[in-house]
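Trainee: Protein sequences appear in the order of chains A and B. Just so you know, we're using the numbering used here here: the first sequence kicks off at 11 and counts up by one. Just so you know, we're using the numbering used here here: the second sequence kicks off at 157 and counts up by one. Positions of the beta carbon are idealized from the N, C-alpha and C atoms, including for glycine. Here it is, the structure in full.
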Amino acid sequence: MAVVVLHSVPSLRALLQRCWQRLERSLLPAAWGAQSPPWGRRCNEFPFPSGLAAACLPGPAGTAGSGGVPGLLDSALWMAAPKKRRSIEVNRCRRRNPSKLIPVKRNIDVCPECGNLKLKHVLCAYCYAKVKAETQLIRKEMGKKEGGPFNAPTVETLVLYDGEKPTEKDEGKRIIERARKRPSWFIQH
Amino acid sequence: MRLSLVAAISHGRVFRRLGGGPRSRIDLLRVLVTALVRHERIEAPWARADEMRGYAERLIDYAKRGDTDERAMRMADFWLTEKDLVHKLFKVLAPRFQPHAGSYTRMLQIPNRDNLDRAKMAVIELKGNPFPPLIRPRRDSEKTLLNQLLKGYREDAQRAAGP
Chain A
11 MAVVVLHSVP SLRALLQRCW QRLERSLLPA AWGAQSPPWG RRCNEFPFPS
61 GLAAACLPGP AGTAGSGGVP GLLDSALWMA APKKRRSIEV NRCRRRNPSK
111 LIPVKRNIDV CPECGNLKLK HVLCAYCYAK VKAETQLIRK EMGKKEGGPF
161 NAPTVETLVL YDGEKPTEKD EGKRIIERAR KRPSWFIQH
Chain B
157 MRLSLVAAIS HGRVFRRLGG GPRSRIDLLR VLVTALVRHE RIEAPWARAD
207 EMRGYAERLI DYAKRGDTDE RAMRMADFWL TEKDLVHKLF KVLAPRFQPH
257 AGSYTRMLQI PNRDNLDRAK MAVIELKGNP FPPLIRPRRD SEKTLLNQLL
307 KGYREDAQRA AGP
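Structure below.
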C-alpha cells in the first residue's frame with residue numbers, strides 16, 4: 011500500500027527521501043561533511059583543529075565508512091591544544107594580575123614590651139614564649155607538689171618567688187615556690 | 157518550617173562541624189573542657205577553642221548552682237572525664253566565679269602552629285588563674301596631647317574651685 015501511495019504522490023516521496031537523508035546525516039556526520047554546506051561553514055568559524063577540515067574531505071570519511079568502526083579522526087572527541095605560543099607580555103599580564111599576587115599585610119605592629127614585630131590581633135611571639143616557659147616551670151613545681159596524676163587540688167593556688175610571703179587574704183591557698191626573682195612582667199595582685 | 161535540607165548553605169548555623177561526626181565532636185570538646193579545668197590555660201586550634209568556650213562557661217554556670225544540685229552533678233560527671241576535677245570544679249572554680257556574671261574565660265590568638273599545617277591557634281584560660289598574665293594592660297601615657305590637655309583642664313578646675 012505504501013508503494014501505491016509513493017507512486018501516486020511524488021511530493022510525498024521527495025519529502026520522505028529528504029527525511030531519510032537528514033537521519034543518515036545525523037547518524038554519520040563525518041561521511042556527510044563535504045556534502046552539507048552548513049557543516050562546512052561552521053568549520054571556518056569555530057576553532058576546530060585542522061584535522062577536522064581534513065576529515066571533511068571524502069578520503070578518510072570514505073575509508074571510515076567502508077571500515078565500519080569510527081577511528082579517532084571521525085569520532086566527535088577532539089583534544090584541546092594551544093594554537094600559538096603565548097608571548098612573554100601575555101604571560102606577564104596573567105602572572106602579575108593582582109588576583110594572583112600574595113596580598114600585602116598592613117596589620118604588622120611593634121610590640122610595646124619587647125620591640126619585636128607582631129600582628130595587631132595576635133599575641134607577640136616573644137612575650138608569649140616567655141610567659142609559656144615560665145608557666146611550664148610553674149606547672150613542673152605543681153606536679154612535684156601533687157605527686158602523681160589525678161591529684162587536682164581543691165583549693166586555690168598561689169605562686170611565690172624568692173623572699174615573698176603570703177598575705178592574709180591568701181589564707182587557704184596552696185603555695186607554689188619558684189626559686190628565682192619575680193620577673194617584672196608578672197605583677198602580684 | 158523545614159521542608160527540605162539544602163546542603164552547602166549554612167545560614168544561621170552557630171555550631172561548627174569538628175572531628176569525625178557529632179559524637180566525635182562532643183568527645184573532642186569534652187577532652188578540651190577537661191584539660192581547661194585541670195590546667196586553667198591551654199593552647200588549641202582556634203576553632204576548637206572557640207567552640208569549647210561556650211560549653212566551658214555553661215559548665216561553670218551549672219557548677220555555680222552547687223554540688224547538691226542533681227543536674228549540675230550529672231553535667232559535671234559527663235563533661236569532666238577525670239573525676240578528681242569534679243571536686244576542683246565545685247570547690248575552687250564555682251566560688252572563684254561567684255561574683256562574676258559571665259565570661260569566665262579569656263581567649264587570645266597566638267602565632268600559627270610551627271607544624272606543616274600552620275594552623276590558627278588560640279590560648280584559652282580561666283580568669284583568675286595563678287599563672288603570669290598573657291597581656292599586660294597598658295595605661296595611656298601621661299605625655300599624649302589629649303592627656304596633657306585633660307590634666308590642664310583638671311588643674312584649672314581645681315584652682316577655680318579651691319580658693
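Closer than 8 Å is the cut-off here; do at least three beta carbon pairs connect the segment 185-202 of chain B with the segment 277-296 of chain B?
Mentor: The segment 185-202 of chain B, when compared against the segment 277-296 of chain B, does touch it at the 8 Å Cβ threshold.
Trainee: Could you tell me the boundaries of the beta strand (DSSP E) in which residue 184 of chain A lies?
Mentor: Start and end: 184-187.
Trainee: Could you tell me if residue 298 of chain B is buried or exposed, where buried requires 16 or more neighbouring beta carbons within 10 angstroms of its beta carbon?
Mentor: That one is exposed.
Trainee: Flag this pair as yes or no: are the beta carbons of residue 260 of chain B and residue 283 of chain B separated by less than 8 Å?
Mentor: Yes, they are a contact pair.
Trainee: For residue 261 of chain B, which residues does DSSP report across the bridge?
Mentor: BP columns for residue 261 of chain B point to B:282.
Trainee: How about residue 135 of chain A and residue 293 of chain B: do their beta carbons lie closer than 8 Å?
Mentor: Cβ atoms of residue 135 of chain A and residue 293 of chain B: not closer than 8 Å.
Trainee: At the level of alpha carbons, what is the spacing between residue 319 of chain B and residue 188 of chain A?
Mentor: One C-alpha to the other measures close to 54 Å.
Trainee: Helix, strand or coil: which one does DSSP assign to residue 89 of chain A?
Mentor: Note: residue 89 of chain A maps to coil in three-state DSSP.
Trainee: So with CB distances below 7 Å, who are the chain B contacts of residue 132 of chain A?
Mentor: Chain B residues near residue 132 of chain A: 265, 266, 267.
Trainee: For the pair the segment 302-312 of chain B and the segment 228-238 of chain B, tell me if three or more CB-CB distances fall below 8 Å.
Mentor: Not touching, per the Cβ criterion.
Trainee: Go ahead and pull the three-state DSSP assignment for residue 225 of chain B.
Mentor: DSSP places residue 225 of chain B in coil when its eight states are reduced to three.
Trainee: Please confirm whether residue 162 of chain A has its beta-carbon closer than 8 Å to some beta-carbon of chain B.
Mentor: By this cut-off, residue 162 of chain A is an interface position.
Trainee: Can you give, in chain order, each stretch of the beta strand (DSSP E) that sits fully within the segment 121-180 of chain A and has at least 3 residues?
Mentor: You should have 127-129, 167-170.
Trainee: So for residue 251 of chain B, helix, strand or coil by DSSP?
Mentor: Here residue 251 of chain B sits in helix by DSSP.
Trainee: With a threshold of 8 Å on Cβ separation, who are the neighbours of residue 221 of chain B within its own chain once the five nearest residues in sequence on each side are excluded?
Mentor: Around residue 221 of chain B: 227, 228.
Trainee: Could you spell out the range, first to last residue, of the beta strand (DSSP E) harbouring residue 197 of chain B?
Mentor: Counting along the chain, the beta strand (DSSP E) containing residue 197 of chain B begins and ends at 197-201.
Trainee: Is it a yes or a no for the segment 177-196 of chain A touching the segment 159-168 of chain A, going by three-plus beta-carbon pairs under 8 Å?
Mentor: Yes, the segment 177-196 of chain A is in contact with the segment 159-168 of chain A.
Trainee: Less than 8 Å between the C-beta atoms of residue 185 of chain B and residue 208 of chain B, yes or no?
Mentor: Yes, the pair counts as a contact, with Cβ atoms nearer than the cut-off.
Trainee: Shorter than 8 Å from the beta carbon of residue 286 of chain B to some beta carbon of chain A?
Mentor: Answer yes: the Cβ-Cβ gap between residue 286 of chain B and chain A drops below 8 Å somewhere.
Trainee: Given a cut-off of 8 Å, decide if residue 192 of chain A and residue 178 of chain A are closer than it, judged by their beta-carbon atoms.
Mentor: Result no, Cβ atoms of residue 178 of chain A and residue 192 of chain A do not sit closer than 8 Å.
Trainee: Within 8 Å of any Cβ in chain B, is that where the Cβ of residue 145 of chain A sits?
Mentor: So, interface residue.
Trainee: Mind listing the chain A neighbours of residue 241 of chain B? Cutoff is C-beta to C-beta under 8 Å, in chain order.
Mentor: Result: 162.
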